[in-house]
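Right, one structure below, let's go through it.
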Amino acid sequence: MVENLVIVESPAKASTIEKFLGKNYLVKSSFGHIRDLEKKNLGIDVKNDYTPQYIVPEDKKKLVAELKKLAKDAQTVWLASDEDREGEAISWHLFEVLGLKPEKTKRIVFNEITKEAILRAIENPRTIDNNLVNAQQARRVLDRLVGFEISPILWRKVKPALSAGRVQSVAVRLIVEREREIHAFKTSSAFKVTANFQLTDPKKATLYAELDNKINNRDNTLEFLKKCQNAEFRVADVVTKPSKKSPAPPFTTSTLQQEASRKLGFSVSQTMTLAQKLYEAGRITYMRTDSVNLSETAINMAKEVITKDYGEKYSNPRQYKTKSKGAQEAHEAIRPSYLDQIDIPGSTAEKRLYDLIRKRTIASQMSDAALEKTTATIDISTTSEKFMASGEVLKFEGFLKVYIESTDDENEENSERLLPPLNKGQVLALDFIKATERFTHHAPRYTEASLVKKLEELGIGRPSTYAPTISTIQQRGYVVKEDREGDERQYLGITLKNKQISEQTLKEITGAEKAKLFPSDIGTIVNDFLINHFNDILDFNFTANVEKEFDEIATGHLGWTKMIDKFYSPFHKKVEITTETSERSIGEKILGTDPASGKPIMVKIGRFGPMAQIGEATDEEKPRFAGLLKGQSIETITLEQALDLFKLPRLVGSFEDKEVTAGVGRFGPYLKHDAKFYSLRPKEDDALSINIDRAIEVITIKRIEQQNKVLKTFAEDSELQILNGRWGAYIVYKKENYKIPKGQTAETLTFQDCQEIIKNGPAKAKAKPKAKAPVKSAAKGKKK
DNA sequence: CAGTGAGCGAGCTTCCGCTTGACTT
Numbered sequence: 000m001v002e003n004l005v006i007v008e009s010p011a012k013a014s015t016i017e018k019f020l021g022k023n024y025l026v027k028s029s030f031g032h033i034r035d036l037e038k039k040n041l042g043i044d045v046k047n048d049y050t051p052q053y054i055v056p057e058d059k060k061k062l063v064a065e066l067k068k069l070a071k072d073a074q075t076v077w078l079a080s081d082e083d084r085e086g087e088a089i090s091w092h093l094f095e096v097l098g099l100k101p102e103k104t105k106r107i108v109f110n111e112i113t114k115e116a117i118l119r120a121i122e123n124p125r126t127i128d129n130n131l132v133n134a135q136q137a138r139r140v141l142d143r144l145v146g147f148e149i150s151p152i153l154w155r156k157v158k159p160a161l162s163a164g165r166v167q168s169v170a171v172r173l174i175v176e177r178e179r180e181i182h183a184f185k186t187s188s189a190f191k192v193t194a195n196f197q198l199t200d201p202k203k204a205t206l207y208a209e210l211d212n213k214i215n216n217r218d219n220t221l222e223f224l225k226k227c228q229n230a231e232f233r234v235a236d237v238v239t240k241p242s243k244k245s246p247a248p249p250f251t252t253s254t255l256q257q258e259a260s261r262k263l264g265f266s267v268s269q270t271m272t273l274a275q276k277l278y279e280a281g282r283i284t285y286m287r288t289d290s291v292n293l294s295e296t297a298i299n300m301a302k303e304v305i306t307k308d309y310g311e312k313y314s315n316p317r318q319y320k321t322k323s324k325g326a327q328e329a330h331e332a333i334r335p336s337y338l339d340q341i342d343i344p345g346s347t348a349e350k351r352l353y354d355l356i357r358k359r360t361i362a363s364q365m366s367d368a369a370l371e372k373t374t375a376t377i378d379i380s381t382t383s384e385k386f387m388a389s390g391e392v393l394k395f396e397g398f399l400k401v402y403i404e405s406t407d408d409e410n411e412e413n414s415e416r417l418l419p420p421l422n423k424g425q426v427l428a429l430d431f432i433k434a435t436e437r438f439t440h441h442a443p444r445y446t447e448a449s450l451v452k453k454l455e456e457l458g459i460g461r462p463s464t465y466a467p468t469i470s471t472i473q474q475r476g477y478v479v480k481e482d483r484e485g486d487e488r489q490y491l492g493i494t495l496k497n498k499q500i501s502e503q504t505l506k507e508i509t510g511a512e513k514a515k516l517f518p519s520d521i522g523t524i525v526n527d528f529l530i531n532h533f534n535d536i537l538d539f540n541f542t543a544n545v546e547k548e549f550d551e552i553a554t555g556h557l558g559w560t561k562m563i564d565k566f567y568s569p570f571h572k573k574v575e576i577t578t579e580t581s582e583r584s585i586g587e588k589i590l591g592t593d594p595a596s597g598k599p600i601m602v603k604i605g606r607f608g609p610m611a612q613i614g615e616a617t618d619e620e621k622p623r624f625a626g627l628l629k630g631q632s633i634e635t636i637t638l639e640q641a642l643d644l645f646k647l648p649r650l651v652g653s654f655e656d657k658e659v660t661a662g663v664g665r666f667g668p669y670l671k672h673d674a675k676f677y678s679l680r681p682k683e684d685d686a687l688s689i690n691i692d693r694a695i696e697v698i699t700i701k702r703i704e705q706q707n708k709v710l711k712t713f714a715e716d717s718e719l720q721i722l723n724g725r726w727g728a729y730i731v732y733k734k735e736n737y738k739i740p741k742g743q744t745a746e747t748l749t750f751q752d753c754q755e756i757i758k759n760g761p762a763k764a765k766a767k768p769k770a771k772a773p774v775k776s777a778a779k780g781k782k783k
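Residue 170 in numbering that gives the first Met the number 0 sits at position 171 of the first sequence, with consecutive numbering throughout.
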């Protein structure tokens, strides 16, 4: 029997609050929502004023029963879920499902977990805000209608098991459109001209300067350099201006994901898993937040720590205002629970993330950095163009002592340096001038984190869904995260030194990508289909517009079913029309004709992915098929590349009296010899051009590797072996694999040891639970 | 696991936002 039952959303939060509240309070967690729309069907009675059909999911039944019992016995139930739309709905669902009585139920809210805030909340209870609840119901119902009515169209018109939704489809759209923009991009080049001057005072100092604008071609560059051959260079002006830099606000979910990606190379899901661990261990505040707010306590603690560690001059307490669209600010910013804790126990990754959070929080409460920027203008006696030299002096470090925010711009040249002392009118001795051909670059491809940033800017998705959305679009095969190798590019360098002009052709690698998001063919096809038929939902402003209406519902100015009806009536009509009239969409595209047979050659999505096809099935003969290679796409493949696909598999030659053939299969390019397969590394060899000498080399190397794979064999039984695999040593016996227990190594294991291990069963359960398993395991498999 | 490939059939797949584990690989 307990006097007061408090229900919050998160168990970690529950245990913290329980400490603040004392003996008369029992604090429990609902673990998020406790019920949801029916999963099997639409779950909405459309004909009956859109009545939602809520059910308590199987895995929540036990929890609900427990809460029900506790609530029945309690004198007062305090519903303390988050102060936002979803939180209000959670409280309402609890009220309904637990059968609470209005007179013994109180709704309280706080957006920071401090003792003062919670006691204050207890003193100021209110009732459930039904308007806010209705806004959530509208949000929920709209998302279900969109997702569950459009997805089945994709199953019929494109491919089974695909999906569409208000958030994910826009995320895919961003990536598809960026890729098209990149393919349409035409690069151009111009010459960047820099000069180095040799100073005599201070001795041997060099002054580096840049021409005020780029020169658009080689001829003009040569002409300019000729003018410089006998020119005099004179300092025309020196201007010094103070400037300042301010720290970035403390982390939200989105900015944490971005910085952890840029600075630590973490994927968004990695960041969230680590942050969850830190949160559960009480190291940081809640990690799913859109707020940059810090509690009074945190600000004071920061002031104390900064003053102690760096001195009073470095402290500048400040509160930040959120800029992001649709922020609901139910929590604090992400910050350390105790700012004076520098080292925490845990894995290296956890420590690094914690350190990042701590430094960012501290820096946000520090003084601006003060700089002095100096710009010198250098006149050229023979032309009106000018060289500019600029330098920066740090007058006061301020927050830069602790933390510098990174940017997404890969091409940013950060070359702020100190300028040597210069006088107006001073004549400079030229050492050399260098003109380098530079190219314009296309917009960057999205990383996981920069996609999150973009979605947040558009107000699409929430802190709790950024990471899941990113993994959904990859799981559906719409998008792949990949590295791509760059291409070699030549560029021109022209130098003027000792009055001599010389030209060099240089090489650089361009277009290399690391962990970037690329659209797949299926992603592109689905996107085009959706843009064609559901343009309004794919609109970047769709979410922002419906959010405005949700706000009206939340303030009581609009009925939620009325809003849904206004959306659904035309939407559903579109669904019906599209189902009936739209063509099957498999990206079919005719590339040209096959010179050998004169038949048309086309590309499209087949049962096993993108493929090329020669001839139609209606012909007497069966058409010929060939799958597209990795990195190729329906959108960009050329006729020539498609024809190459049909040259495989090809005979390379013979080795040890057996044929060697080369092909490309599901797992990439390979050689086949004597019924054995040998993978080719795409960087080194390719199936179309490999010759027999190189093929024999590949086969021989693989054979040696195979031999080294066997760590131990046993005289007692030749079928028992210890092999060296991708995950270390393991035991093989009669085609079954067995794990080596911790604490033992391949060397120490005896024949008897191995027999013992084998008796205890194989490393993994052979029997898969259900036919569903492979689909789900795909998600886990991608984690390396 | 390694060049498959449309058209019988039975039934399944799917949304977004709240929250944690339980699983391997």
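For each residue, glycine too, the CB sits at the ideal point set by N, CA and C.
* Asked: Would you report the Cα separation of Pro241 and Tyr24, rounded to the nearest angstrom?
  -> Reading the first sequence from its first residue, position 242 is the one you call residue 241. Reading the first sequence from its first residue, position 25 is the one you call residue 24. Near 57 Å, if we compare the C-alpha coordinates of Tyr24 and Pro241.
* With Ala70 and Val7 assumed to form a contact (beta carbons below 8 Å), what rounded beta-carbon distance in angstroms separates them? -> The sequence position of residue 70 within the first sequence is 71, counting from 1. The sequence position of residue 7 within the first sequence is 8, counting from 1. Their Cβ separation, rounded to whole angstroms, is 14 Å, which puts Ala70 and Val7 out of contact at 8 Å.
* Express the C-alpha separation of Asn497 and Arg416 in angstroms, rounding to a whole number. => Within the first sequence, numbered from 1, the residue matching residue 416 stands at position 417. Within the first sequence, numbered from 1, the residue matching residue 497 stands at position 498. Rounded to the nearest angstrom, the two C-alpha atoms are 26 Å apart.
* Distance, Cα to Cα, Ser147 vs Val140? -> The residue given as residue 147 occupies position 148 in the first sequence. The residue given as residue 140 occupies position 141 in the first sequence. The identity of residue 147 in the sequence shown is Phe, whereas the question assumes Ser. Roughly 10 Å separates the two Cα atoms.
* Asked: Is it right to say Asp58 is buried, meaning 16 or more other beta carbons lie within 10 angstroms of its own, or is it exposed?
  -> As a first step, residue 58 must be located in the first sequence, where it is residue number 59. Asp58 comes out exposed.
* To do: Closer than 6 Å by C-beta to Lys262: which residues in its own chain qualify, once you throw out the five before and the five after it? Chain order, please.
  => Residue mapping note: residue 262 aligns to position 263 of the first sequence, counting from 1. Hits under 6 Å: Ser405.
* Asked: Is DSSP giving Pro344 helix, strand or coil here?
  -> In the first sequence, residue 344 corresponds to position 345, counting from 1. In the structure shown, Pro344 sits in coil (DSSP, three-state: anything other than H, G, I, E or B).
* **6 Å Cβ shell around Ser501 - same chain, five flanking residues per side excluded** => To locate residue 501, count along the first sequence from 1; it is residue 502. Thr494.
* Skipping 5 residues on each side, what residues in its chain have a beta carbon closer than 6 Å to that of Lys449? -> Along the first sequence, one-based indexing puts residue 449 at 450. Note that residue 449 is Ser in the sequence shown, not Lys. So the list reads Asp407, once near-sequence residues are dropped.
* From Lys453, Gly164, Trp559, Ile214, residue whose alpha carbon lies closest to that of Phe386 -> Reading the first sequence from its first residue, position 387 is the one you call residue 386. Closest by alpha carbon: Ile214.
* **Integer Cβ distance of Ile604 from Gly586, believed to fall under 8 Å** => For the purposes of this step, residue 604 is identified with residue 605 of the first sequence, where counting begins at 1. For the purposes of this step, residue 586 is identified with residue 587 of the first sequence, where counting begins at 1. The Cβ separation is near 5 Å, so the contact holds.
* Asked: According to DSSP, which residues form a beta bridge with His672?
  -> Here residue 672 refers to the residue found at position 673 when the first sequence is read from its first residue. The partner list for His672 (beta bridge, DSSP) reads Val659, Lys675.
* Asked: Does the distance from the CB of Leu516 to the CB of Thr504 come in under 8 Å?
  -> Here residue 516 corresponds to residue number 517 of the first sequence, with the count starting at 1. Here residue 504 corresponds to residue number 505 of the first sequence, with the count starting at 1. Not closer than 8 Å, so no.
* **Proximity to His441 [Cα-Cα], best of Lys38, Ile181, Val5** => As a position in the first sequence, residue 441 is number 442, starting the count at 1. Ranking Lys38, Ile181, Val5 by Cα distance to His441 puts Ile181 first.
* In three-state terms, what does DSSP make of Ile698? -> Position 699 of the first sequence holds residue 698. The answer is helix: DSSP assigns Ile698 an H, G or I state.
* Asked: What runs of the alpha helix (DSSP H), each 4 residues or longer, lie entirely inside the segment 143-216?
  -> 167-183
* **Cβ-Cβ separation, Ser150 to Ala163 (assumed contact under 8 Å), whole Å** => Here residue 163 refers to the residue found at position 164 when the first sequence is read from its first residue. Here residue 150 refers to the residue found at position 151 when the first sequence is read from its first residue. Sure, about 5 Å apart at Cβ, within 8 Å.
* Asked: Which two residues bound the contiguous alpha helix (DSSP H) that contains Arg233?
  -> In the first sequence, the residue the question calls residue 233 occupies position 234. No alpha helix (DSSP H) contains Arg233, which is instead part of the beta strand (DSSP E) from 232-244.
* Starting from the N-terminal side, write out each stretch of the alpha helix (DSSP H) that is 4 residues or longer and does not extend beyond the segment 436-481. => 447-457, 465-474
* Quickly, what does DSSP pair Leu224 with across the bridge? List them, please. => Within the first sequence, the letter at position 225 stands for residue 224. In the DSSP output, where bridge partners are listed per residue, Leu224 has none listed.
* CA-to-CA distance, Leu722 to Ile863, given in whole angstroms -> Since the first residue of the chain shown is 0 and the last is 783, residue 863 is not available in this structure.
* Glu715 to Ile700, Cα distance in whole Å? -> Translated into positions along the first sequence, residue 715 becomes position 716. Translated into positions along the first sequence, residue 700 becomes position 701. Taking the straight line from one Cα to the other gives about 30 Å.
* Asked: So, helix, strand or coil for Arg106, using DSSP?
  -> Translated into positions along the first sequence, residue 106 becomes position 107. Note: Arg106 maps to strand in three-state DSSP.
* To do: Please report how far the alpha carbon of Val426 lies from the alpha carbon of Ser314, in whole angstroms.
  => As a first step, residue 426 must be located in the first sequence, where it is residue number 427. As a first step, residue 314 must be located in the first sequence, where it is residue number 315. Going from the Cα of Val426 to the Cα of Ser314 covers about 45 Å.
* Of the residues Leu4, Val45, Val5, Asp527, which one's Cα is nearest the Cα of Lys565? -> For this step, residue 565 is matched to residue 566 along the first sequence. Comparing Cα-Cα distances from Lys565 to each of Leu4, Val45, Val5, Asp527, the minimum goes to Val45.
* Quick one, are the C-beta atoms of Leu429 and Phe232 less than 8 Å apart? -> As a working note, residue 429 is residue 430 in the first sequence. As a working note, residue 232 is residue 233 in the first sequence. Going by C-beta atoms, Leu429 is nearer than 8 Å to Phe232.
* Rounded C-beta distance between Ile459 and Thr542? I'm assuming under 8 Å. -> As a working note, residue 459 is residue 460 in the first sequence. As a working note, residue 542 is residue 543 in the first sequence. Rounded, the Cβ-Cβ distance is 5 Å, consistent with contact.
* Can you give me the Cβ contacts of Ser380 inside the same chain, cut-off strictly under 6 Å, excluding the 5 residues immediately before and after it? => As a first step, residue 380 must be located in the first sequence, where it is residue number 381. Counting only Cβ-Cβ distances below 6 Å, and skipping sequence neighbours, we find Ala230, Glu231.
* Going by alpha carbons, who is nearest to Arg444 out of Pro420, Glu481, Ala466, Asp81? -> Here residue 444 refers to the residue found at position 445 when the first sequence is read from its first residue. Residue Glu481 is the option with its Cα nearest to Arg444.
* To do: Using the Cα positions of Glu2 and Glu447, report the straight-line distance between them to the nearest angstrom.
  => Residue 2 sits at position 3 when you count from the first residue of the first sequence. Residue 447 sits at position 448 when you count from the first residue of the first sequence. About 48 Å.
* Asked: Going by the CB atoms, is the gap between Val96 and Arg34 shorter than 8 Å?
  -> Counting from 1 along the first sequence, the entry for residue 34 is found at position 35. Counting from 1 along the first sequence, the entry for residue 96 is found at position 97. Yes; because the gap between Cβ atoms is below 8 Å, this pair is in contact.
* Keeping to the same chain, check which residues put their C-beta closer than 8 Å to that of Gly476; ignore five residues upstream and five downstream. => Taking the first sequence and counting its residues from 1, one reaches residue 476 at position 477. Here the set comprises Ser519, Ile521, Gly522.
* Residue span of the alpha helix (DSSP H) that contains Lys561, given as start and end -> Counted from its first residue, the first sequence places residue 561 at position 562. Looking at the DSSP string, the run of the alpha helix (DSSP H) that includes Lys561 is 559-580.
* To do: Express the C-alpha separation of Pro56 and Gln754 in angstroms, rounding to a whole number.
  => Here residue 754 refers to the residue found at position 755 of the first sequence. Here residue 56 refers to the residue found at position 57 of the first sequence. Their backbone Cα atoms lie some 45 Å apart in a straight line.
* **Of the residues Gly42, Thr104, Glu209, Val192, the one placed nearest Leu221, counting alpha carbons only** => As a position in the first sequence, residue 221 is number 222, starting the count at 1. For the residues Gly42, Thr104, Glu209, Val192, the minimum Cα distance to Leu221 belongs to Val192.
* To do: Tell me, please, whether the segment 335-347 touches the segment 279-290 by the rule of three or more beta-carbon pairs shorter than 8 Å.
  => yes
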